[in-house]
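Undergrad:
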Amino acid sequence: MSTVTITAQDINKLRQATGAGMMDCRKALTETNGDFEAAIDWLRKQGQKVAAKRSDREAKEGVVVAQTTADNKTGIVVCVSCETDFVSKNEDFVAFVKSIADAAIANDVKSAEELSAAEIGGAKIADLVNDKLASIGEKIGITKFERVDAPYVASYIHGAYRIGVLVGLDKEAAEVGKDVAMQIAALSPVAVDASSVPADVVAREKAVIMDIMKEDPKMAGKPEEMLAKIAEGKLGAFFKEQTLTAQAFVKDAGKSVADYLKESGDVKVTEFRRVALG
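Taking this note's numbering, the leading residue of the sequence shown gets 5, the next gets one more, and so forth.
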């Protein structure tokens with residue numbers, strides 16, 4: 005039993021510091037005999053319990069933020085997921101995710117683990133996420149983090165924080181970076197060009213093509229060598245549709261992205277990252 009008086013001011017102070025509900029704050033202060041720091045820890049522990057209870061809940065909504073350093077040499081994308089679009093569209097939640105992205109940039113974060121350990125106002129981001137979970141009552145978490153370093157990095161956010169894109173270029177070209185980022189957001193290529201498509205992706209695509217051909221009556225009786233050559237041709241179509249530089253440029257379908265890059269000063273895309281909800 006508490007031996008101190010818990011005032012409305014005490015409760016409000018704890019609410020402002022943690023975002024937790026009034027009754028939760030009152031209980032936290034009562035359980036900790038009015039010790040403010042202990043009450044914060046108590047709420048965090050309660051938040052961890054909430055997280056465990058909600059571990060089976062799907063968090064398909066959320067906010068994706070992409071941004072770069074002031075010199076455009078580094079870019080990060082972070083996704084903080086939640087369960088409902090009611091939360092993802094809330095201005096406070098969007099601001100919360102932006103503050104996490106700011107911290108990633110300020111602390112030169114290189115991984116999701118580093119981001120969780122980084123601090124905002126003296127508090128670890130992992131704890132702040134947990135506090136937010138407790139106050140919102142939904143399962144939330146940092147679910148995706150990507151980083152790109154290049155001579156010039158462009159960032160782009162599409163569809164009310166639903167898709168974030170980073171594009172690394174070999175030289176400063178802001179307009180090109182924006183155009184290419186929009187292309188990536190819209191068409192979601194698997195790699196920059198055919199040579200950079202992961203070997204397992206190529207193997208899987210080729211296997212699918214071969215299986216489809218073997219089920220086609222028109223291909224019956226054709227030797228394996230011929231089927232392999234036909235598969236190579238179909239694989240070329242896959243590269244054209246699924247690799248960035250071979251795709252038709254969204255702003256002018258009469259040219260490829262490679263054409264656009266060349267005529268824009270022979271700019272080269274070094275890498276890209278695309279993060280989307282879901």
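All residues carry an ideal CB built from backbone N, CA and C; glycine is no exception.
For residue 171 versus residue 189, is the C-beta distance shorter than 8 Å?
TA: Result no, Cβ atoms of residue 171 and residue 189 do not sit closer than 8 Å.
Undergrad: Using the rule of at least 16 other Cβ atoms within 10 Å of the residue's Cβ for burial, across every protein chain shown, is residue 277 buried or exposed?
TA: Residue 277 is buried by the Cβ-count criterion.
Undergrad: Could you give the C-beta distance for residue 72 and residue 157, rounded to a whole number, given that I count them as a contact under 8 Å?
TA: Right, the Cβ-Cβ distance comes to about 5 Å (below 8 Å), so this counts as a contact.
Undergrad: Return the first residue and the last residue of the beta strand (DSSP E) that residue 264 is part of.
TA: First-last for residue 264: 261-267, but that is the alpha helix (DSSP H), not the beta strand (DSSP E).
Undergrad: Take residue 135 as the anchor and find which of 110, 239, 29 and 191 has the nearest alpha-carbon.
TA: Selected option, being the one with the closest Cα: 29.
Undergrad: If you count every other CB in all the chains shown that lies within 10 Å of the CB of residue 66, and 16 or more means buried, which is it?
TA: So residue 66 counts as buried.
Undergrad: From the DSSP output, in three-state form, read off residue 136 for me.
TA: Three-state DSSP puts residue 136 in a helix.
Undergrad: With 16 other CB atoms within 10 Å as the buried threshold, where does residue 13 fall?
TA: It is exposed - the Cβ of residue 13 has fewer than 16 other Cβ atoms within 10 Å.
Undergrad: Candidates 120, 138 and 86: which alpha carbon is nearest residue 48's?
TA: Residue 138 is the option with its Cα nearest to residue 48.
Undergrad: With a threshold of 16 other CB atoms inside 10 Å of the CB of residue 40, please say whether the residue is buried or exposed.
TA: Flag for residue 40 reads exposed.
Undergrad: Give me the Cα-Cα distance between residue 149 and residue 128, rounded to the nearest whole angstrom.
TA: Between residue 149 and residue 128, the C-alpha separation is close to 17 Å.
Undergrad: Can you check whether the CB of residue 175 is closer than 8 Å to the CB of residue 155?
TA: The answer is yes: Cβ separation under 8 Å.
Undergrad: Can you grab the Cα-Cα spacing for the pair residue 109 / residue 34, in whole Å?
TA: Their Cα atoms are separated by approximately 39 Å.
Undergrad: Tell me the DSSP secondary structure of residue 251 in three-state form.
TA: Correct three-state label for residue 251: coil.
Undergrad: Here's the rule: buried if 16 or more other CB atoms are within 10 angstroms of the residue's CB, otherwise exposed. What is residue 20?
TA: Burial call: exposed.
Undergrad: May I ask you to list the residues that DSSP assigns as paired with residue 173?
TA: Bridge partners of residue 173: 156 and 273.
Undergrad: Mind checking which residues open and close the beta strand (DSSP E) that includes residue 80?
TA: Taken as a continuous stretch (DSSP letters only), the beta strand (DSSP E) holding residue 80 covers 78-86.
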